[in-house]
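Residue 321 in the working numbering sits at position 316 of the sequence shown, with consecutive numbering throughout. Below: one structure, written as structure tokens.
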Amino acid sequence: MRIVYFIESAEAGGAEQIVVTLADAFRTRGHDVTVLVMEEGWLTEELARMQLPFSLIKSQRSYDVSFPFRLAARFKDLKAEVVHSHLLDSNFYGALACKLAGIRHVGTDHGDIHLPQRKRFLKLKLQTASFLGSSLTAVSKYTARKLVELGVSESRASCIYNPVEIIDPSTERRSEIRAELGISPEAWVWIHVAMMTRVKDQQTMLHAMQACSPDQYLLLAGDGPLREALKAEAKKCNVDQNVRFLGFRSDVPQLLSAADGFILSSLSESMPMSLLEAMSAGLLPVSTKVGGVGEVINDERGFLFAPGDSEALAEIMNTACANREACLAKAENAKSFVREKFALDTILDQYERLYAL
């Protein structure tokens, strides 16, 4: 099958990571795969590193009426049999272009629909894609239900989880990274991996750290517009000695080896890849109860708390640190669950069937 993946963004985000994973995996299965991107960045660098074929198509204007026609022509030039787009605008333009070109279209929503204030004409774009015959998938059941509520036909909306990389922690790297960061082997280490933006709400974690025992540390991996403000907040809260701002890191699997638990403090999510990868690595998951997170975390597989509730988070963190054996069992349950439900071959089979409809 000739598959073209299409995405508007090239930053180091979850959707872009999934495009790389799917393109590489389907190439391994023998399909002819290429990626069409609207900008250069981390994604194009990663595709080049992995020798995955890709090309650029650009649109400079907010209302570029020629873009669907140029996109349709490019899909035809690439001899696409199915186009799989990711993110809201790519899904909208992909649906229009595939209709013009007579090509099968699948679009995946990674959580854009949970931020309607940041997405112009959200409902119209979704309904248009559904009307044009596109199949729209969501990365959580929660998001799939939202698609239907926003007007997508039930027959065209489904949930297909993102595949999760199996991460086996390294005892050697655990010791090395802790030594590099000046953290003792006996300390309890939490890690958080995300862009530093308002929706990720890292401030709640910093406030929770104020009420945590002194043998707990928090690693913040990621960058973004709020990084300096968060560093100032950590100092203001007098927790800067136990918080490490690591910036953007390309070695997240190794960093996970150094941690005992993972915290997600987001105000909104669909199904965060960073959380799933941490669970796969055997870390104790702690997250806000938002989006599809409740589909993977329950009382047997971690802890949930309300968005913005730093007191509840601090209580969970202290409980985990004081009851390590019980929390190790929760972490093991979480690892087993993710490795079974989010296995790469399982997800590829589901997409392969959808592509062939």
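For every residue, glycine included, the Cβ atom is placed at its ideal position computed from N, Cα and C.
Per-residue burial, residue i [other beta carbons within 10 Å of its own, 16 or more giving buried]
{"i": "S279", "result": "buried"}
{"i": "K84", "result": "exposed"}
{"i": "M276", "result": "buried"}
{"i": "K335", "result": "buried"}
{"i": "A311", "result": "exposed"}
{"i": "G266", "result": "buried"}
{"i": "S189", "result": "exposed"}
{"i": "R183", "result": "buried"}
{"i": "E233", "result": "exposed"}
{"i": "A283", "result": "buried"}
{"i": "S135", "result": "buried"}
{"i": "V70", "result": "exposed"}
{"i": "K151", "result": "buried"}
{"i": "T351", "result": "exposed"}
{"i": "S315", "result": "buried"}
C-alpha gap between residue i and residue j, whole angstroms
{"i": "N328", "j": "D206", "result": "26 Å"}
{"i": "L76", "j": "D114", "result": "20 Å"}
{"i": "E185", "j": "R179", "result": "10 Å"}
{"i": "L353", "j": "I23", "result": "12 Å"}
{"i": "H91", "j": "P219", "result": "43 Å"}
{"i": "K346", "j": "A20", "result": "19 Å"}
{"i": "M43", "j": "C326", "result": "45 Å"}
{"i": "D37", "j": "F31", "result": "8 Å"}
{"i": "D94", "j": "A17", "result": "18 Å"}
{"i": "G46", "j": "S60", "result": "13 Å"}
{"i": "L281", "j": "G112", "result": "22 Å"}
{"i": "Q355", "j": "G229", "result": "34 Å"}
{"i": "V153", "j": "L129", "result": "13 Å"}
{"i": "L362", "j": "L137", "result": "15 Å"}
{"i": "F250", "j": "L231", "result": "12 Å"}
{"i": "I302", "j": "R125", "result": "32 Å"}
{"i": "R54", "j": "L48", "result": "10 Å"}
{"i": "I3", "j": "G252", "result": "For residue 3 there is no data in the structure shown, the boundaries of the chain being 6 and 362."}
{"i": "S255", "j": "F80", "result": "32 Å"}
{"i": "G313", "j": "Y147", "result": "21 Å"}
{"i": "I108", "j": "L52", "result": "24 Å"}
{"i": "C332", "j": "V88", "result": "43 Å"}
{"i": "S175", "j": "K340", "result": "15 Å"}
{"i": "E177", "j": "E170", "result": "20 Å"}
{"i": "E181", "j": "G187", "result": "10 Å"}
{"i": "K241", "j": "H212", "result": "10 Å"}
{"i": "D82", "j": "H110", "result": "16 Å"}
{"i": "A15", "j": "M200", "result": "14 Å"}
Nearest candidate by alpha-carbon position, reference residue i, set the options
{"i": "A239", "options": "A143, M210, M276 and V70", "result": "M210"}
{"i": "F11", "options": "C103, Q132 and L362", "result": "C103"}
{"i": "L120", "options": "E300, E274 and L333", "result": "E274"}
{"i": "A237", "options": "Q208, T176, A226 and D256", "result": "Q208"}
{"i": "E305", "options": "T293, G313, D314 and L289", "result": "L289"}
{"i": "F72", "options": "F80, T49, Y98 and R54", "result": "Y98"}
{"i": "E300", "options": "A149, C332, D245 and R358", "result": "A149"}
{"i": "S64", "options": "E13, R109 and T39", "result": "E13"}
{"i": "S285", "options": "L225, R109, K241 and A348", "result": "A348"}
{"i": "T257", "options": "L225, L235, H212 and S341", "result": "Residue identity differs from the one stated: residue 257 is Val in this sequence, not Thr. Ranking the options by Cα distance to V257, first place goes to L225."}
{"i": "R358", "options": "T142, L272 and E181", "result": "T142"}
{"i": "R203", "options": "V88, K241 and S270", "result": "S270"}
{"i": "A106", "options": "Y68, F74, Y360 and A317", "result": "F74"}
Contact test: residue i Cβ vs the ligand FMN heavy atom, cutoff 8 Å
{"i": "K130", "result": "Ligands are entirely absent from the displayed structure, and the ligand FMN is therefore not among its contents."}
Distance between beta carbons of residue j and residue i, contact taken as under 8 Å
{"i": "M322", "j": "Q215", "result": "Incorrect: roughly 11 Å between the Cβ atoms, too far for contact."}
{"i": "A100", "j": "C217", "result": "Not quite, the Cβ-Cβ distance comes to about 48 Å (not below 8 Å), so this is no contact."}
{"i": "L3", "j": "N243", "result": "The first residue shown for the chain is 6 and the last is 362, placing residue 3 beyond what the model contains."}
{"i": "T26", "j": "P168", "result": "6 Å"}
{"i": "E86", "j": "R34", "result": "Wrong, their Cβ atoms sit about 14 Å apart, outside the cutoff."}
{"i": "G297", "j": "S145", "result": "3 Å"}
{"i": "L57", "j": "V9", "result": "Not really, about 12 Å apart at Cβ, beyond 8 Å."}
{"i": "G287", "j": "E337", "result": "7 Å"}
{"i": "Q132", "j": "G116", "result": "In fact, because the Cβ distance is near 18 Å, the residues do not count as touching under 8 Å."}
{"i": "V291", "j": "G307", "result": "6 Å"}
**Report entry** Cβ pair count under 8 Å reaching 3, the region 188–201 against the region 257–271
**Finding:** yes
Report task. Flag this pair as touching only if the region 150–166 and the region 179–193 have three or more C-beta atom pairs under 8 Å; answer yes or no. Result -> no
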